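Start counting the sequence shown at 10; every next residue gets the next number (our numbering). Here a beta-carbon is modelled for each residue, glycine too, at the ideal position from N, C-alpha and C. Predicted, not measured: the structure shown is a model, and the values here were computed from it. Following: one structure in structure tokens, then a few remarks.
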Amino acid sequence: MTLWEWVAEAADKTRANGHEQLATALGRLPELAVLGDTHRITIELPAALRAATEPGAPLWAAHYVRYWQLAARILHHQAGTVVLDEVTELVHAAHADPAHCPPGACPAVIAAACHANIDGPGRTVERELLLTTALEHVEPGTPAYTALTAAFADLLSDVGRPHEAVDFLDTQDQTLRFTVELAVARVRALHLMGRDEEALAVLNRLDNQVPVLSGPDAARDDVHLRIRFERARLLARLARTRRQLVEVAAAALPAVELAQAHPFLRPLWVQAAEDLDAAGVALNDWRLGVRLTGWVRHLEQNGAPRRQLELAVRAARLALRRGARWTALSMVEYAQAAVAQMCREDALTADLAAVRASVRQLPSPSLPVPAARLDSWLWSNHALDLNPEQRADLIWAALAECPGDAVLLERLGRVARELDLARNAAREQWARVRALPADATTALSLLESLLHDGDMEGVRELVGLLATLSETGTVRQP
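Here it is in structure tokens:
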């Protein structure tokens, strides 16, 4: 039984028992979660919770209603530490009594996904305990059982055991084996095993099922999107390894705006883009760098260091390939910050070490004029063809010769805001402000960087510093 079949059946029973509002919420909330519409869920959740706690409502109803707000944040937006306490509490509440765990949506699924976002391989024990415990009391054939089975297969793949994941999926009932969740889990495992042609065959079979899937249009659109992005990743890898025409793989890559709108699909898009870039497809420019920086920052803000590390390493490699030294260095810093929050090193941390070494070996650009004259040169016609990353690398090289130069720092702040790297510029600007707090020019440039970065704590610190200096009359006006 699929989720949407279960929803229809449960809604009919709930409506027949006089709970009309709850019956509507049973289908409405998962549809909003598929869309990733956390704002709308937040608005509708209080009324749904009131309906779920009315006398006579199913014992699992309140936990089911709460599930979907967290599912949207964890599965769609890849949230981690920011929701870990809440999803852990929901698991405990739902598993206090088997009758309290929703047959349509077991919270252990999203709790395990939350741990995976934080540090998948490093939290294997927590994920396995959640999933195996839940599988013991969830009834086979329910949507919850299907989702738990797919999550366990993903766990095996995530810890370097994709062969076991495929074997585990093969032991499932024939009907269950061809559900969307298990098909996608199989595709991921086969890809990790290098069996991309087989994975494509699974996707093709799933694609043929989409028109007859039950549920709202949003659910079918979601499956179709997953298939498109998974197919793009597979074709890009085949093109990179010369087993597929590059033109075919490039044509399969969805528009980047689709990845922007669906955060959970971004890892697939970036992997495909990196493989296509290696195969010679021209899509790797500074605008892509800005996009990827925004995606890395999204993961940081949502407390997903594992996902942040994965994406930052790929972003750094792409920056290296287009010769963007400062951007690559910045992505390495984001990756290192993520590693500091993880439990153990693995192949991905080794990838980071290799990227970091490559960044150090990438030479700084030669300055076209002496460092003291670079700002004027950047304003001239000579620099018209330079993109923001090239400008940033020149400014960075000039600052190496003229450390703390106020004009260069102000220029760095401007270009950093174009690249969504204001935080990195702010660090350099802070060094001068702390050394020369009376320099209002750099202080104001720093303020712009902090505001762009959303660093309100830094803004308060800077405003307090300037207020103190103003009282003593030591601020030098720009």
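Determine the DSSP secondary structure at D488, reduced to helix, strand or coil. For the chain, the structure presents residues 10 to 487; residue 488 sits outside this window and is missing.
Next item on the list: Could you have a look at G131 and say whether DSSP puts it in helix, strand or coil?
Entry: Three-state result, G131: helix.
Kindly give me the distance between the Cβ atoms of A261 and L244, rounded to whole angstroms, as I take these residues to be in contact under 8 angstroms.
For a cut-off of 8 angstroms, the C-beta gap from A261 to L244 is around 5 angstroms, short enough to register as a contact.
Using alpha carbons as the reference points, say which of H307, L178, W15 lies closest to V196.
Minimum Cα distance to V196 is reached at L178.
* Determine, using beta-carbon pairs with one atom in the stretch 252 to 266 and one in the stretch 213 to 223, whether at least three such pairs fall under 8 angstroms. => The stretch 252 to 266 vs the stretch 213 to 223: no contact.
Do V279 and L428 count as a contact pair if the criterion is CB distance below 8 angstroms? Cβ atoms of L428 and V279: not closer than 8 angstroms.
- Task: With DSSP collapsed to three states, give me the class of W69.
- Result: For W69, the secondary structure class from DSSP, reduced to helix, strand or coil, is coil.
Worksheet entry | T62, enclosing alpha helix (DSSP H) - first and last residue | For T62, no alpha helix (DSSP H) encloses it, and the DSSP letter there is neither H nor E.
*asked:* Our contact map puts R441 next to A476 with C-beta atoms below 8 angstroms; I'd like the distance itself, whole angstroms only.
replied: Incorrect: roughly 19 angstroms between the Cβ atoms, too far for contact.
### Query
Taking three-plus beta-carbon pairs below 8 angstroms as touching, is the stretch 197 to 208 in contact with the stretch 162 to 174?
Output reads yes: the stretch 162 to 174 touches the stretch 197 to 208.
- Write down the C-beta distance between L471 and A452 rounded to the nearest angstrom, noting that I regard them as a contact closer than 8 angstroms. That belief holds up - the Cβ atoms of L471 and A452 are roughly 7 angstroms apart, short of 8 angstroms.
- Who are the near neighbours of A20 in its chain, counting only those whose CB is closer than 8 angstroms to its CB and skipping five residues on each side? These residues qualify, in order along the chain: A32, T33, L35, G36.
So Y343 and Q317 are in contact, right, with Cβ under 8 angstroms, and what is the actual spacing, rounded? Yes, they are in contact, since the Cβ atoms of Y343 and Q317 sit about 6 angstroms apart, within 8 angstroms.
Residue span of the alpha helix (DSSP H) that contains N213, given as start and end
N213: member of the alpha helix (DSSP H) spanning 205 to 218, first to last residue.
### Query
In three-state terms, what does DSSP make of M10?
If DSSP states are grouped into helix, strand and coil, M10 belongs with coil.
Own chain partners of Q350 with C-beta closer than 6 angstroms, once the 5 adjacent residues on each side are dropped | Hits under 6 angstroms: P314.
Please state whether DSSP places D360 in a helix, a strand or coil. In the structure shown, D360 sits in a helix (DSSP, three-state: H, G or I).
Q. Is the stretch 88 to 103 in contact with the stretch 281 to 291, if contact means three or more CB pairs nearer than 8 angstroms?
A. Output reads no: the stretch 281 to 291 does not touch the stretch 88 to 103.
### Query
Where does H271 fall in DSSP's three states?
In this structure, DSSP gives H271 a state outside helix and strand, which the three-state scheme calls coil.
* To do: Can you grab the Cα-Cα spacing for the pair D448 / R436, in whole Å?
  => Within the model, the alpha-carbon separation for D448 versus R436 is close to 16 angstroms.
request  = Grab the span of the alpha helix (DSSP H) containing Q317 for me, first residue to last.
outcome  = That run of the alpha helix (DSSP H) goes 314 to 330.
TODO: Would you verify that the beta carbon of S385 is, or is not, closer than 8 angstroms to some beta carbon of chain D?
DONE: As a matter of chain content, chain D is missing from the structure shown, which is built from one protein chain.
Nearest CA to the CA of P64: which residue from N26, K22, E145? With distances taken between Cα atoms, P64 lies closest to N26.
How many angstroms separate the CA atom of D167 from the CA atom of E466?
Each residue's Cα considered, the two are about 37 angstroms apart.
V43 versus A282: straight-line alpha-carbon distance, rounded: Those two C-alpha atoms are separated by around 25 angstroms.
- C110 burial status per 10 Å Cβ neighbour count (16 or more: buried): The residue is buried, with at least 16 neighbouring Cβ atoms inside 10 Å.
For this session: Confirm, please, whether the CB-CB distance from M340 to A356 is below 8 angstroms.
Result: Taking C-beta atoms as the reference points, A356 and M340 fail to come closer than 8 angstroms.
- [ ] Mind reading off the beta-carbon distance from D163 to A194? Whole number of angstroms is fine, and I expect it under 8 angstroms.
- [x] Beta-carbon to beta-carbon, D163 and A194 are separated by about 5 angstroms, close enough to satisfy the 8 angstroms threshold.
- Item | Spatial distance of L460 from L395 (CA atoms) | Cα to Cα, the separation comes out at about 26 angstroms.
- Item | Three-way DSSP call (helix, strand, coil) for Q87 in this model | Residue state, collapsed to three classes: coil.
> Taking the alpha helix (DSSP H) that M340 falls in, what are its first and last residues?
Replying inline: Looking at the DSSP string, the run of the alpha helix (DSSP H) that includes M340 is 334 to 348.
- request: To the nearest angstrom, report how far apart A61 and L222 are at their CA atoms.
  value: Taking the straight line from one Cα to the other gives about 28 angstroms.
Original post:
When we look at the beta-carbon of G463 and count the other beta-carbons within 10 Å, is it buried (16 or more) or exposed?
Top reply: G463 comes out exposed.
CA-to-CA distance, A88 to P412, given in whole angstroms: So the alpha carbons of these two residues sit roughly 39 angstroms apart.
**OP:** Whole angstroms is fine: what's the gap from F2's alpha carbon to L277's?
**Re:** The question about residue 2 has no answer here: the residues shown for the chain are numbered 10 through 487.
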